[in-house]
Every structure is written in structure tokens, then in C-alpha cells.
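Engineer: Numbering-wise, the numbering used here puts 141 at position 141 of the sequence shown, and it's gapless, one number per residue. A virtual CB, placed ideally from N, CA and C, is assigned to each residue, including glycine. Got a structure for you, questions after.
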Amino acid sequence: MARQKKMQRPEDDEPGLDISSMIDVCFLLLIYFLVTTQIVKKEQELDMAMPSSMPSDTPPTITPMLITLESNGVISIKTDGPEEVVEQDPDVRTLPVLVERLEIYKSIADNAATKPIVQIKVDGESEQQRLIDILNALNRTEITTVTFTDILDDTDRN
Numbered sequence: 001m002a003r004q005k006k007m008q009r010p011e012d013d014e015p016g017l018d019i020s021s022m023i024d025v026c027f028l029l030l031i032y033f034l035v036t037t038q039i040v041k042k043e044q045e046l047d048m049a050m051p052s053s054m055p056s057d058t059p060p061t062i063t064p065m066l067i068t069l070e071s072n073g074v075i076s077i078k079t080d081g082p083e084e085v086v087e088q089d090p091d092v093r094t095l096p097v098l099v100e101r102l103e104i105y106k107s108i109a110d111n112a113a114t115k116p117i118v119q120i121k122v123d124g125e126s127e128q129q130r131l132i133d134i135l136n137a138l139n140r141t142e143i144t145t146v147t148f149t150d151i152l153d154d155t156d157r158n
């Protein structure tokens, strides 16, 4: 009789999954999002004293500064004289001219031994970020007495 060779069974390989290419794709996505993400400056906590609903009996000793924000992003100020446009480019976030005027106004108020008072009039169609830029400028100059107003002049009533 002839010898019969026993057939060896092929070893059962455990099924596997090569995930190295998936890991490469994950790292590429991670690098892509790290590179393309814009770092947004953290908004500062604004320390402001909001006015009470009851008007004060004593008028302020210094004329409040009125900051007007128009719908197109133009910022103008008014104290005693005529209204002056200080920022026209809505893309400028630091508002250097406004900060300079606020520092001058604050030094005048400090010389008069009173707190500087700022009123902000905002057009309803203006961008919220522009208002936040104004509040950040007020925070940089350490002006904390801020009110929002809806003063209407003769041109607004018509």
C-alpha cells in the first residue's frame, strides 16, 4: 500500500483590517483643520455700569459723548460741537481714531473730576460685531459708564 500523505489543513488566518491608510487620512484632516482654522481673538469681559431706569436729578458736569453707529458701519462722535465721522472703514476692528478721541474725552473728564459718560446710538441694521468693536474700544480706554440711546433728531422723525 502506498503511503498516503496527510493533507495539512491550511492555517486559518484571522481576518484583519489594515487601518494604516485610515490613520493617515485622519492625520491629514487634523493638519488641514489646524492650518485653516482662524484664531479668533477672545472677547474681553466688558465691565460696564448700566444705568437705572429712573433718571438722575443731578445733571452731569461734563457733556456726554454720543457715539453713533450707522447701518453701513460708519462711526461718528459728538460732544459739544458738530458731529464728526471718526471711522469709515467697517473692516478695521481696532478703531484707532475712536480710541484716541475716547482717551482725550476721558482725560478731560478726569481733569473735571467726573466720570466720562458715553451714549451709544446704534442703527438697527448695523452689524453686531461693529458694536462689539465699539465696546472693546471703550474697555481699552477704561470708560465704564455707557448708555444705549434712541435719541431721534428732526431728520429721523420724518
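Please report the straight-line C-alpha distance between R101 and L28, rounded to a whole angstrom.
Structural biologist: Within the sequence shown, the letter at position 101 stands for residue 101. Within the sequence shown, the letter at position 28 stands for residue 28. Going by the C-alpha atoms only, they are around 48 angstroms apart.
Engineer: What is the C-beta distance between V118 and I143, in whole angstroms, given that I count them as a contact (C-beta under 8 angstroms)?
Structural biologist: Taking the sequence shown and counting its residues from 1, one reaches residue 118 at position 118. Taking the sequence shown and counting its residues from 1, one reaches residue 143 at position 143. Rounded, the Cβ-Cβ distance is 6 angstroms, consistent with contact.
Engineer: Could you tell me whether the stretch 14-25 touches the stretch 64-73, where touching means 3 or more Cβ pairs closer than 8 angstroms?
Structural biologist: No, they do not touch.
Engineer: Which residues does DSSP list as the beta-bridge partners of F27?
Structural biologist: The sequence position of residue 27 within the sequence shown is 27, counting from 1. Per DSSP, none; premise fails for F27.
Engineer: When we look at the beta-carbon of F148 and count the other beta-carbons within 10 Å, is it buried (16 or more) or exposed?
Structural biologist: The sequence position of residue 148 within the sequence shown is 148, counting from 1. Label assigned to F148: exposed.
Engineer: Here's the rule: buried if 16 or more other CB atoms are within 10 angstroms of the residue's CB, otherwise exposed. What is R130?
Structural biologist: Here residue 130 is taken as the residue at index 130 of the sequence shown, counted from 1. That one is buried.
Engineer: What did DSSP end up calling K106 once you bin it into helix, strand or coil?
Structural biologist: Numbered from its first residue, the sequence shown carries residue 106 at position 106. Helix, per DSSP.
Engineer: At the level of alpha carbons, what is the spacing between Y105 and I31?
Structural biologist: Looking up residue 105 in the sequence shown gives position 105. Looking up residue 31 in the sequence shown gives position 31. Roughly 47 angstroms separates the two Cα atoms.
Engineer: Quick test of your reading: V74 and V85, contact by CB under 8 angstroms. State the CB separation rounded to the nearest angstrom.
Structural biologist: Taking the first residue of the sequence shown as position 1, residue 74 is located at position 74. Taking the first residue of the sequence shown as position 1, residue 85 is located at position 85. Contact holds; Cβ gap of about 6 angstroms.
Engineer: Please identify the residue among P96, T63 and E14 whose C-alpha is closest to the C-alpha of D80.
Structural biologist: Here residue 80 refers to the residue found at position 80 when the sequence shown is read from its first residue. The option with the nearest alpha carbon to D80 is T63.
Engineer: Compare the C-alpha of T145 against each of G124, A109, E127 and D133 and name the closest.
Structural biologist: Residue numbering aside, residue 145 sits at position 145 when the sequence shown is read from its first letter. Selected option, being the one with the closest Cα: A109.
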